[in-house]
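Residue numbers (my numbering): 406 to 531.
Heads up: the structure comes next, in structure tokens.
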Amino acid sequence: VVGLQLGSTAIGIQTSEGVCLAVEKRITSPLMEPSSIEKIVEIDSHIGCAMSGLIADAKTLIDKARVETQNHWFTYNETMTVESVTQAVSNLALQFGEEDADPGAMSRPFGVALLFGGVDEKGPQL
Numbered sequence: 406v407v408g409l410q411l412g413s414t415a416i417g418i419q420t421s422e423g424v425c426l427a428v429e430k431r432i433t434s435p436l437m438e439p440s441s442i443e444k445i446v447e448i449d450s451h452i453g454c455a456m457s458g459l460i461a462d463a464k465t466l467i468d469k470a471r472v473e474t475q476n477h478w479f480t481y482n483e484t485m486t487v488e489s490v491t492q493a494v495s496n497l498a499l500q501f502g503e504e505d506a507d508p509g510a511m512s513r514p515f516g517v518a519l520l521f522g523g524v525d526e527k528g529p530q531l
């Protein structure tokens, strides 16, 4: 939760024509190179993601989203909906600290908030 409070602002706007994601780049040290900070990433050709919080935690969840979209494409030969990607990532994010959890479960909650946006067969989704 502390990671979320220290994170930068991320917003998404959904219109009838598409989705726009924007993130504040907060430079906390003069040693940081602004161009090296990526807070908006591509999940698939039709889905993007804005992040706020701990970058390492975000990378774990983003990797999961990318794997899910590729598995869906290879299995069903169709793109995954934005809602399905969000649900898959949420399922991983909520599996932590359980004694009977599978080996892939995390030991602590993720300190990141993700905002998925894209265009699928339902139109623009946020």
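Glycine is no exception: its CB is placed at the ideal position from the N, C-alpha and C atoms.
With hydrogens ignored, establish whether the beta-carbon of S421 is closer than 8 Å to any heavy atom of the ligand COA. Looking for the ligand COA in the displayed structure turns up nothing, as the structure carries no ligands at all.
DSSP state of Q500 mapped onto helix, strand, coil: Note: Q500 maps to coil in three-state DSSP.
Reducing DSSP to helix, strand and coil, say where E447 ends up. Under the three-state reduction of DSSP, E447 is assigned to strand.
Under 8 Å by Cβ, that's how I've got V524 and L459 pegged, so tell me the actual separation to the nearest angstrom. Contact between V524 and L459 is ruled out by a C-beta separation of about 28 Å, above the 8 Å threshold.
CB-CB under 6 Å to L520, same chain, minus the five flanking residues each way: which ones, in chain order? Contacts found: A415, G417, A455.
Would you tell me roughly how many angstroms separate the C-alpha atoms of V475 and N482, rounded to the nearest one? The sequence shown places Gln at residue 475, rather than the Val named in the question. So the alpha carbons of these two residues sit roughly 10 Å apart.
May I have the straight-line CA-CA distance separating A461 from F515, to the nearest angstrom? Their backbone Cα atoms lie some 9 Å apart in a straight line.
When the Cα atoms are used, what is the spatial distance from V377 to I452? Past the boundaries of the shown model lies residue 377; the chain is included only from 406 to 531, so the question cannot be answered.
For K430 and L411, I'd like the C-alpha separation in whole angstroms. Looking at the two C-alpha atoms, the distance is approximately 12 Å.
Where the beta strand (DSSP E) through I467 begins and ends: Run containing I467: none in the beta strand (DSSP E); it sits in the alpha helix (DSSP H), 460 to 481.
Can you tell me whether P514 is helix, strand or coil according to DSSP? P514 falls in the coil class under three-state DSSP.
On the DSSP letters alone, give me the boundaries of the beta strand (DSSP E) that L426 sits inside. For L426, the enclosing beta strand (DSSP E) has its first and last residue at 424 to 428.
Range covered by the beta strand (DSSP E) that runs through P439: From DSSP, P439 is part of no beta strand (DSSP E); its letter is neither H nor E.
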